[in-house]
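Only one structure is covered here, and it is reproduced in the block below.
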Amino acid sequence: MLVEGLINVKFSTAYLPHTDAIAALFEATFTASEGATEGAIIGALAHCLMADTLSDDLRVFTAWEGGAVIGGIFFTRLVYPNDLSVVFLMAPVAVATDHQGQGVGQRLIAHSLDALAQQGVHMAVTYGDPAYYGRVGFRPVSVDEVPSPHPLNMPQGWLAQSLGGGGFAPLIGPAQAVRGFDDPALW
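If you read the sequence shown in my numbering, its first letter stands for residue 368, the second for the next number, and so on.
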């Protein structure tokens with residue numbers, strides 16, 4: 368899909384042939400914004416998610432320009448064994464530093480959420496900056512409304528969006544994350 372207003376930017380869900388390039392994007396982006404240690408952690412997480420997560424529990428969306436990956440988003444299933452809702456965690460999200468501020472991230476998020484809605488996903492949650500993610504429809508939620516898999520270090524960053532139109536009922540916990548996110552240090 369060509370991204371309107373962004374010349375030659377295309378979205379893709381094919382990640383297996385590009386795992387090294389995608390992980391490198393995440394490492395470089397987080398290194399630039401958070402430092403080398405965080406960059407290495409997020410790069411390793413990206414590799415882990417692509418290598419160790421069942422395909423039913425993983426969606427990877429990327430943005431490409433001129434044969435290079437310039438943006439990426441991981442969605443991994445959050446399982447609520449006592450709830451029938453289909454929920455995916457949106458994390459991590461990265462846009463190459465030389466493409467930030469151009470709308471790549473927001474358009475990639477909107478494209479991804481539309482695709483998930485078409486796949487029957489009920490809700491997307493993320494853990495990040497409410498001001499940024501609020502621009503693409505996420506709203507703050509409490510862990511009483513949407514239980515998290517582990518205690519949150521920054522509860523104000525726990526955000527959700529209904530993908531079925533309208534609001535959503537609170538989810539019945541506990542929540543279980545995929546193996547790559549089953550680490551309390553990430554929360």
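Cβ atoms here follow ideal geometry from the backbone N, Cα and C, with glycine treated the same way. Bear in mind the structure is a predicted one, so any value in this text is a computation, not a measurement.
- Annotated as distal: F397 and S479, with beta-carbon spacing of 7 Å or more.
- The residue from T420, G402, V376 with its alpha-carbon nearest to that of T386 is T420.
- Just measuring C-alpha positions, the residue of A418, A390, M417 sitting nearest E405 is A390.
- When secondary structure is reduced to three states using DSSP, G547 falls in the helix class.
- In terms of CA proximity to W554, S515 leads the group V503, S515, A477.
- Of all C-beta pairs linking the segment 489-502 to the segment 526-536, three or more are shorter than 8 Å, placing the two stretches in contact.
- Comparing alpha-carbon positions, the option among V436, A463, M457, I539 lying closest to K377 turns out to be V436.
- The alpha-carbon of G524 is positioned some 7 Å away from that of P507.
- Within the segment 442-492, the complete beta strand (DSSP E) segments at least 3 residues long are 454-462, listed from N- to C-terminus.
- The count of Cβ pairs closer than 8 Å, one atom from the segment 468-478 and one from the segment 444-455, stays below three, leaving the stretches out of contact.
- Take G434, set aside five residues on each side of it, and no residue of its chain has a beta-carbon closer than 8 Å to its own.
- For W525, DSSP records a beta bridge to Y494.
- Annotation for A430: the continuous beta strand (DSSP E) segment containing it runs 425-432.
- Partner residues in the beta bridge of I440, as assigned by DSSP, are F428, V460.
- The beta carbon of E432 sits closer than 6 Å to the beta carbons of N375, V376 from its chain, once the five residues preceding and following it are set aside; these are given in chain order.
- When the five nearest sequence neighbours on each side are left out, the beta carbons in the same chain lying within less than 6 Å of the beta carbon of V454 are those of L445, M490, in order along the chain.
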